[in-house]
Amino acid sequence: MTVETISSILSGPGDGGAGGHPTRRRRRRSGTLIAGAVIVGIVLLAAAFAPLVATHDPIVQDLTAGLQPPSAAHWLGTDQLGRDIWSRIVYAARTDLRVGVLAVATPAVLGIALGLLAGYFGGWTDRIASYLVDTNLAFPFYVIVLAMVTLLGTGEGAIYLTFALVAWVNYTRVVGVVTAGFARENWVLAARGGGLGHVRVMVRHVLPNALPQIVVLVVNDIVFVILAVVTLSYLGLGIQPPTPDWGGMISDGQAFLTSRPWISLAPGAALFVTAVGFSLLADGIADVLRDER
């Protein structure tokens, strides 16, 4: 019995020898994936345990303590109303992450369903989907969002409805193209020939194979939606006071940018770190899924 054989037995099935399976080695070495997962994990934990992480009530005002610099009592200082900036950033993370995830959910489901139908059946179904996509893409995204929010009003409900109406396009395009390619594969034709219904073929066979692209798209879309929500809040059209929100905090500190820069810079840094974390996570997931294919 050779040394290589003993090493293979000790490593166990599927480990690829002492060095491990090549995909597992690449995953362990994926600094992008690890960095993104760590950053996003820290942000999610801070948001989930905001009552424990925050040092003050985020909406309580203390006008006698307004515009204080960072100190032991207020780690990132206070705003013009005497509210603790650190506590507001932590609670704003909870708000913006919640809105970002929920605002992606509905358009993702709608876009995936329409993309599956268009790519699988083709023909008039694909033409209708393409017409809807092209019509949506004819207008700049932010122009549509601003128009919809203006018509529907401000607040979380309007944000969810607005993104449900305009953010499904990328999912339809990506899933439609991927599904159209799968629809001509032999394993799909065999499933049809075996008597399986169209819905079962799409849900049980086509959709799982499209999940890698969908997962990456969803993670990237969460970043995009969070940035859009923060932009709307900065303009006064998103999350409304007194609910903490990064966009509103940046807007509140704009008047004090030269004298009290921490009021705007602190929530801006939180937004930047969160966006970088999700972007790294999406890139890392894409690399791993690409290696596994």
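At position 181 of the sequence shown (counting the first as 1) the number is 181 in UniProt numbering, and the numbers step up by one without a gap.
We put the beta carbon where it would ideally sit given N, CA and C, even for glycine.
Proximity below 9 Å, CB of residue i to CB of residue j
i: Q213; j: V166; result: no
i: G197; j: G115; result: no
i: W262; j: I59; result: no
i: I112; j: V273; result: no
i: I285; j: V223; result: no
i: A275; j: L232; result: no
i: T95; j: D221; result: no
i: I144; j: N136; result: yes
i: S281; j: L33; result: Residue 281 is actually Leu in this sequence, not Ser. Taking 9 Å as the Cβ cut-off, L281 and L33 qualify as a contacting pair.
Option in the options with minimal Cα separation from residue i
i: P267; options: I285, D79 and T162; result: D79
i: R173; options: W187, G155, L81 and G122; result: G122
i: V229; options: V38, G31, P58 and A158; result: A158
i: G277; options: L81, G176, G36 and G31; result: G36
i: L161; options: P241, A138 and L110; result: L110
i: F186; options: H205, V215 and V104; result: First, the amino acid is wrong: residue 186 is Asn here, not Phe. The shortest Cα separation from N186 among H205, V215 and V104 belongs to H205.
i: G236; options: V149, T106 and V199; result: V149
i: D57; options: S71, V90 and V199; result: V90
i: V169; options: L151, L33, L207 and T106; result: T106
i: A108; options: V215, Y171, G193 and G194; result: Y171
i: L45; options: S71, L97 and P69; result: L97
i: G155; options: T125, V104 and Q240; result: Q240
i: R88; options: V225, H74, V99 and S279; result: H74
i: D287; options: L271, T243 and V216; result: V216
i: P51; options: A92, L151 and R200; result: A92
i: L67; options: A269, T258 and D283; result: T258
beta-carbon residue i near the ligand PLP non-hydrogen atom, thresh 8 Å
i: S259; result: In the structure shown, the ligand PLP is absent, as is every other ligand, since no ligand is present at all.
8 Å contact criterion, which residue i and residue j should meet: CB distance rounded
i: G119; j: A183; result: 6 Å
Taking 8 Å as the cut-off, does the region 126-138 touch the region 250-270 (at least 3 CB pairs, one atom from each stretch)? The region 250-270, when compared against the region 126-138, does not touch it at the 8 Å Cβ threshold.
Quick check: the region 136-153 against the region 83-101, are there 3 or more CB pairs under 8 Å? The region 136-153 vs the region 83-101: no contact.
Complete alpha helix (DSSP H) runs within the region 47-91 (minimum length 4 residues, chain order): Counting only runs of at least 4 residues, the region 47-91 fully encloses the following alpha helix (DSSP H) elements, listed from N- to C-terminal order: 50-53.
Minimum length 4: unbroken alpha helix (DSSP H) runs contained in the region 109-190: Runs of the alpha helix (DSSP H) inside the region 109-190: 123-137, 141-152, 156-166 and 169-183.
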